[in-house]
Every structure is written in structure tokens, then in C-alpha cells.
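In order, the protein sequence lines correspond to chains E and D. Numbering follows the UniProt record's numbering, with no gaps: position 121 of the first sequence is 121. Numbering follows the UniProt record's numbering, with no gaps: position 107 of the second sequence is 107. We put the CB at the ideal spot given by N, CA and C, even for glycine. If you're wondering where the values come from, they're calculated on a predicted model, not measured in any experiment.
There are 2 protein chains.
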Amino acid sequence: MNLANLPTRVKLIDVGPRDGLQNEKTPVPADVKISLVQRLQDAGLQEIEVTSYVSPKWVPQMADNHAVMQGIARRSGVRYSVLTPNLQGYEASVQDRPDEIVVFGAASEAFSQKNINCSIAESIERFAPVVAAARAAGIAVRGAMSCTVGCPYEGEIAPERVAYLAGLMRGIGVQRVDVADTIGVGTPRKVQRAIEAALQHYAIDEVSGHFHDTYGQALVNTLAALELGVWNFQSSVAGLGGCPYAKGATGNVATEDLVYLLHGMGIDTGIDLDKLIDAGVYISDFLGRKSASRVAVAVLNKRAG
Amino acid sequence: MNLANLPTRVKLIDVGPRDGLQNEKTPVPADVKISLVQRLQDAGLQEIEVTSYVSPKWVPQMADNHAVMQGIARRSGVRYSVLTPNLQGYEASVQDRPDEIVVFGAASEAFSQKNINCSIAESIERFAPVVAAARAAGIAVRGAMSCTVGCPYEGEIAPERVAYLAGLMRGIGVQRVDVADTIGVGTPRKVQRAIEAALQHYAIDEVSGHFHDTYGQALVNTLAALELGVWNFQSSVAGLGGCPYAKGATGNVATEDLVYLLHGMGIDTGIDLDKLIDAGVYISDFLGRKSASRVAVAVLNKRAG
């Protein structure tokens, strides 16, 4: 029998309030975001990506970052992270006392150029002072590595590119990294190779998987990552956050679907699936749409009889 | 690295024309079904479940079984199977020369009682003469085992019940069996236990996996089955066939999603994914709905630019 040596416990990082809502056209008021964070921590989430400190010109949805961070009722044992794209963003975030900041880089040069208008190496240079400042202030630093399997411009990404990016991240003091399949094209063997590349520079406890469900492969890729020992994963309640590179397609894997898989395999998450589904219903209702979580849809159908 | 010992080749059985369309309310004319079978074989499918010989009172959608079976342009090397729920159905099918007939049983007593109004043992007794007649006529026999992981009435199903059913199937001469997760509640370890139970009576080449995507777990369960060496799987083009026990929820896993997973892992299926997507578009357009295949949706978005 396989699957014998999977982790017995998994930690999920819900990125719904930040990564999920970021590209939403419907403006979501701060009090709704605060309530969503509350519902997520009530459901047992121990890590929540709350907001982003970017120019409101670029991402108007995150203009209320201070209000949201100051409005949430922090719970001890829960880690609240925020995205800080530059030193200015980092400095703006400090007053809100994030537990962790997130910096980012792409494993694809073309994506880096098109997305943030500089090379991978340049992007890391720009983040170096942000990381140094955060670490000096005792704030943890996570590095989001995008396009680690495929890129909308370059196609498949070689694992060597992931290792290169992970090495640069390690070099500037980033403490842990996400291996993200940003466009959801990955399948298990490719995802394992990307993770193994990250493992050249980070320990297994420092690597998290971030899979998109655009091609329906997020859970199978999660199992592939679990088999390597990865036990930190990112997901988004109700599957919030479509993929901007594939119109109408699913983006982030739904936290509910991941929890169902893990609990079904006897892996502990500390999360109450029913409360999590309710949190997803809350934000989906606000946005006026059906949840992108298959588990939520199936459970709600069942509840309705 | 795990995943090293997966099968290098997988055979997919598309059940869309029968299992998929069976519960469709929109009447699908015989010529559309014939064209769908043609498109599936053009895409490289080597096994297709074409129709069912049941009373048209119960399943009006399959009343055109003779017309469909006589209308398809058979290709050498392709296996055409049909569902025969009783001796009368089997006798009606013979004139259409199916390569294989399918009989069925549930691993859940409650499901058997509610679905076909008799016990599991009684259902097998009724099938015994059908199987004997088919084998005497040189027609292959497959046994569909439903509710092998969970049942809408009983909840979880113990692997012992699957072994019991598989033993009964073997006893009457059924040559191979499907391990079906009819309501899609399974997760990898549970699915592996159900398969291992079937393997008490059947060789690995005689067991196929049939997973429903109601909770989004079909692909991850497929990977779990592949890890045991299973290399035959059932699926439905465009994800045809909702689950009658969960309104609005997804039923059969989409063949497109399975092909994407397998090809992504370097596993050969003999199927042309683009042609398969076109076959799915054909039937989805006819039914006036969006494909339930995430891969089809993502690829069509990409094609549209």
C-alpha cells in the first residue's frame, strides 16, 4: 500500500482575503473582509493572508489595508500575513504589525518582465532591503515563487529556473517559499520536480505548495507534494481569485476541497469543514456568485436535501 | 522520487454516450449519439459504452439502442460495450453484436434494495444466466460495482463489502470489474482500500477505476489507483452525467481532465486531447450547456485568446 508515509498534519494558509479578492471587480468593503477573516479563524485557519500594501491606483481593492488589518480581532496562534511589493509598501505595513510579509518573484524571466517590468535578479535586488528591514524588526518573511511549472509566455519552466529563484530568495534572507503553479498547468511529476528544485535551498518545513485548479489538477498535485513530505499549502476559501490569464477559469484551489481531501485521508488540519463552508457561503453570497468549491456545492446540495 | 512505478499506458473507457446521457432530460436523437461515438473513436478512444437495453419506460433516453448500435461505424480495435440489466435486455442486445455487456451490482445492501429492489446476492443470481449466455456467445462481460466507497443511504462502505461483491461477480463468470465511487465521496486511501478488496478476486488488468468528481476528488483518486497499478479507467466526455443523488453537482469525471493528467505525467492513452475536446464541445453545444471539464473550459478560453 502506498500513501503510507504522508504527513499526519497539514497547515493551510488561506489566501482568500488577499490573493482571492485582489482581482475582484466588485468592491468589497473593509467590514466584509474583516468578517471573512473572523470566519476563517473561527473555522480553525491558523494562517491567513489578509491584505496587500500596493498602490491603490494599481489594486483599488486593497486600498483599505490599514482599516482591515486594524479591524481584525487577532487571535493568538494565528499568523496574519500581508503582501509588500516594495520598501514603501513594507513601511506602510509596519504600523499594522503583520506577523509575516510576503515578497514575490517569478521563475520565468518573461513573466517577471511582463508582470513587474524587471528581470528576476533585479526583482530580488529590490526585495533585499525589504527582507532585511522585516527581519531586523522581527517580522517573518515568505517568498512567493510564481510560474514554477508553467508560464503564460514561456510555456514549461525548467526545474533549474525554480532552483535559481529559490537560491536568490535564500540569498536575501527569505525564510520560506511557496512553490506556485500560477496558471494551473502542472501535473504531479512536474510539480514534484519544481518542489525538489526548491528543496535544494529550503528544508521541507519551509516549502509550501500553491496550486491553481484551472485545469482541475490542484488536488492531484497536492497529493504529489504530500508524497514528498510537503505539509504547508495555500488555498482560497470558496476558490476566490480567478486566474487573470484564463478568462472565466478557476484559479486558486478552494480551501474546502483541500480540507475534504486531507480529512478523508485522516490528515489533521485543525479546521472545521462545516464552518469553513459557511465562511465560503458568506463571501460568495456577498459577491453574488456560486462558490468555486466542489465540496461546498456538494455539501450545500446535501444540506438542502 | 515517488510516482516512479506508475503504469506507462492507460486505457480509458468513455461512458458518456450511455452512463453520461442516460439521465439527460433533453432527448438526444440517435444521429447525435452516433456522431458522438464517431468523434470519440476519431479522438482515439478504444472503448466506448454505447447504450443500454432497458425498458424505455424507465430510461426513455436509451429507447433508440438498436438504431444507435446499428448506426455506428465500427472501427477495428475499438470495443463497444452496452448495459444489459436483465436477460430480456441481453437478448435484445445480441442482434446488435456488442463486444462486451455490462452487468451491475452495488457494494451497499441499502443501495441495492432502493435501486434495484433486491439484495446484492439476489441481483447476482439474476445476472448469472445473462453472464452465462454472453460468455457462451463469446461476448465479454464486465461488472460495474457501484457504491464501493460510500453510499447515499449507508454512508461509508467497508472494503469487505467490496470483496464480497467482487467474489460474487467472479463466481458467476464476470471477467472484469469496475470499482465505482458512485457518489464521489472517496479520497485516496479509501479508494485504494476498495481497489485492494476487488484485487482479492481479480487481477490488476481486470480492475478499472470509475470515479465521480462530485467532491472534486476524481483525479486524486485516479492517481491513488495508478499507484496500485490500475491502468483502466472510466470517464465521460465533457463530464456528461450529473449525479442524481446530488442535484446540480458534477458526476462522472471528464475524460478530458483525465487525459490531461495522464499525458502531463507522460502516460500514454492513444487519445488526441484536442479532438476529444472537440467531441465534448459537440455534445455540450447540443445540450446547450458549458462542458463540465475544467480542461476543456481552460483550453477553449486559451483558444479564444
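9 angstroms Cβ cutoff, residue 359/E in contact with chain D:
Chain E is shown only over 1 to 305; residue 359/E falls outside these bounds and no answer can be derived.
Pop quiz: Thr-182/E and His-212/E are said to be a contact at Cβ under 8 angstroms. What is the actual Cβ separation, rounded to whole angstroms?
6 angstroms
Name, in chain order, the residues that DSSP records as bridge partners for residue 308/D.
As shown, chain D starts at 1 and ends at 305. That puts residue 308/D outside it, with no answer to give.
Anything in chain E within Cβ reach of Tyr-215/D, meaning under 8 angstroms, just list it in chain order.
Asp-257, Tyr-260, Arg-294, Val-295 and Ala-298
Consult DSSP for Met-69/E and reduce its assignment to one of helix, strand or coil.
helix
Taking just the CA atoms, how far does Phe-104/E sit from Ala-197/E?
17 angstroms
Assumed close pair Val-259/E, Leu-273/E - CB separation to whole angstroms, cut-off 8 angstroms:
5 angstroms
Against chain D: residues of the stretch 215-239 of chain E by CB proximity under 8 angstroms:
Tyr-215, Gly-216, Gln-217, Leu-219, Val-220, Thr-222, Leu-223, Ala-224, Glu-227 and Leu-228
Can you find a C-beta in chain D that's less than 9 angstroms from the C-beta of Thr-182/E?
no
Taking 8 angstroms as the cut-off, is the C-beta of Thr-26/D nearer than that to any heavy atom in the ligand MN?
This structure does not include the ligand MN; it has no bound ligands of any sort.
Looking at chain D, is there any beta carbon in it that lies within less than 9 angstroms of the beta carbon of residue 391/E?
What the structure shows of chain E is the stretch from 1 to 305, and residue 391/E is not part of that stretch, so it cannot be assessed.
Where the beta strand (DSSP E) through Arg-79/D begins and ends
79-83
For my contact list, Ser-146/D and Ala-106/D are in at a C-beta cut-off of 8 angstroms; report their separation, rounded to the angstrom.
5 angstroms
Can you name the residues of chain D whose CB is closer than 7 angstroms to the CB of Thr-187/E?
Leu-261, Gly-264 and Met-265
On the three-state DSSP scale, how would you describe Ile-172/E?
coil
Under the three-state DSSP convention, the category Tyr-245/D falls into
At Tyr-245/D, the pLDDT of 46 sits below 50, so the modelled position is not reliable and the matter cannot be decided from this model.
Report the residue ranges of all beta strand (DSSP E) runs contained in full by the stretch 72-139 of chain E; include only those spanning at least 3 residues, in chain order.
79-83 and 100-106
For Leu-3/D and chain E, any beta-carbon pair shorter than 9 angstroms?
yes
Roughly how many angstroms separate the alpha carbons of Ser-236/E and Ala-254/E, rounded to a whole number?
5 angstroms
According to DSSP, Gln-234/E sits in a beta bridge with which residue or residues?
Ile-13/E and His-210/E
Between which residues of its own chain and Gly-248/D is the CB-CB distance below 6 angstroms, once the five residues before and five after are set aside?
Note that Gly-248/D has pLDDT 49, beneath the 50 cutoff, so the model's placement of it is unreliable and the number below is only indicative. Cβ within range, chain order: n/a, list empty.
Less than 9 angstroms between CB atoms is the rule here; does Gln-192/D satisfy it with respect to chain E?
yes
Minimum Cβ-Cβ distance from Ala-254/E to chain D less than 9 angstroms:
yes
What is the residue span of the alpha helix (DSSP H) that Thr-255/E lies within?
255-264
Using a threshold of 9 angstroms, state whether the C-beta atoms of Leu-83/D and Glu-49/D are closer than that.
yes
Under the three-state DSSP convention, the category Ala-180/E falls into:
strand
Cβ shell of Tyr-215/E (< 7 angstroms), same chain only, five flanking positions each side left out
Gly-184 and Val-185
Name the DSSP bridge partner or partners of Asp-268/E?
Arg-9/E
Would you tell me roughly how many angstroms separate the C-alpha atoms of Gly-150/E and Ile-157/E, rounded to the nearest one?
5 angstroms
Let me know the secondary structure DSSP gives Val-141/E once reduced to three states.
strand
Cβ neighbours of Ala-296/D in the same chain (closer than 6 angstroms, five flanking residues each side left out)
Glu-256, Ile-277 and Gly-280
Leaving out the 5 sequence neighbours to the left and right, which residues in its chain are closer than 7 angstroms to Ile-34/D when beta-carbon positions are compared?
Val-68, Gly-71 and Ile-72
Determine, using beta-carbon pairs with one atom in the stretch 283-291 of chain D and one in the stretch 52-62 of chain D, whether at least three such pairs fall under 8 angstroms.
no
Please report the Cβ distance between Leu-12/D and Phe-233/D, rounded to the nearest whole angstrom; I am assuming they are in contact, meaning their Cβ atoms lie under 8 angstroms.
6 angstroms
Less than 9 angstroms between the beta carbons of Ala-128/E and Gly-173/E, yes or no?
yes
How should Arg-97/E be labelled, buried or exposed, when 16 other C-beta atoms within 10 angstroms of its C-beta is the threshold for buried?
exposed
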